[in-house]
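Everything in the sequence shown is counted per this note's numbering, starting at 18 for the first residue and increasing by one. Worksheet: the structure to be examined is printed underneath.
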Amino acid sequence: MKASILILAVLLCALSGNAQPPKGKATPGTVYGAKTTEQGAISMNEVQSLLKSKDTVAVKVKALVVSSCTKKGCWMNLKVDDKSTAFVKMKDYAFFVPTDIENKTVVLDGIAFIEETSVEELQHYAKDAKKPQSEIDAIKEPKRQVRFLANGILVL
């Protein structure tokens, strides 16, 4: 009896740690995570200005998704300008986004901060995004960038 309960507990833990992206496509009006709306959303430029005077800011931002995790939808990169992106993870991995969210405009409600990402982590994300090995190998330096911890994401 105890062995059966132990096996069941191990199976439940294994299954819960194997989260999957949401079913279906990233369609306009769909919210992932906590409910949010477009009202009050600011641009990425405004976020960067706010982070010049504070380490962390609670924000709602409207931006274009330029890439995302193709395996689970557990991270995204948002367009800041023609040269840079902002990295997004979901708070506590409580939710993911559809893997087809690339090139969609979203409203993200969460916390913004600036952080340096290690070479190893950058290479991991490049592998997730199915970048060519030559591009992965070319990552030789850490990257300092705007990052978000998202509570909720609305597809526009």
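Just so you know, even glycine gets a beta-carbon here, dropped at the ideal spot from N, CA and C. Note that this is a predicted model, so its numbers are computed, not measured.
{"Asked": "Taking DSSP as the reference, what is the three-state secondary structure of residue 150?", "Found": "helix"}
{"Asked": "Please name the residue, chosen from 137, 135, 131, that lies closest to residue 69 on a Cα-to-Cα basis.", "Found": "131"}
{"Asked": "How about residue 50 and residue 112: are their beta carbons less than 9 Å apart?", "Found": "yes"}
{"Asked": "Hey, how far is the Cα of residue 97 from the Cα of residue 52?", "Found": "24 Å"}
{"Asked": "Mind checking which residues open and close the alpha helix (DSSP H) that includes residue 143?", "Found": "136-145"}
{"Asked": "What residues in its chain sit with their C-beta under 8 Å from that of residue 120, if we drop five residues either side in the sequence?", "Found": "81, 82, 83"}
{"Asked": "DSSP three-state label for residue 158, please.", "Found": "coil"}
{"Asked": "Helix, strand or coil: how does DSSP classify residue 64 here?", "Found": "helix"}
{"Asked": "Between residue 166 and residue 48, which are expected to be in contact by the criterion C-beta below 8 Å, what is the C-beta distance as a whole number of angstroms?", "Found": "Not confirmed; about 17 Å, so no contact."}
{"Asked": "Using the beta-carbon count (16 or more within 10 Å), is residue 105 buried or exposed?", "Found": "buried"}
{"Asked": "By how many angstroms is the C-alpha of residue 157 removed from the C-alpha of residue 150?", "Found": "13 Å"}
{"Asked": "For residue 147, count neighbouring C-beta atoms within 10 Å of its own C-beta (all shown protein chains included) and say buried if the count is 16 or more, exposed if not.", "Found": "exposed"}
{"Asked": "Taking 6 Å as the limit between beta carbons, can you name the residues of its chain near residue 85, skipping five residues before and five after?", "Found": "93, 118, 119"}
{"Asked": "Which residue or residues does DSSP assign as beta-bridge partners of residue 84?", "Found": "94"}
{"Asked": "Measure how close the beta-carbons of residue 77 and residue 123 come, nearest whole angstrom, since I'm counting them as under 8 Å.", "Found": "With 8 Å as the limit, residue 77 and residue 123 do not qualify as a contact, their Cβ atoms being about 11 Å apart."}
{"Asked": "My output table needs one value for residue 126: the three-state DSSP class, helix, strand or coil.", "Found": "strand"}
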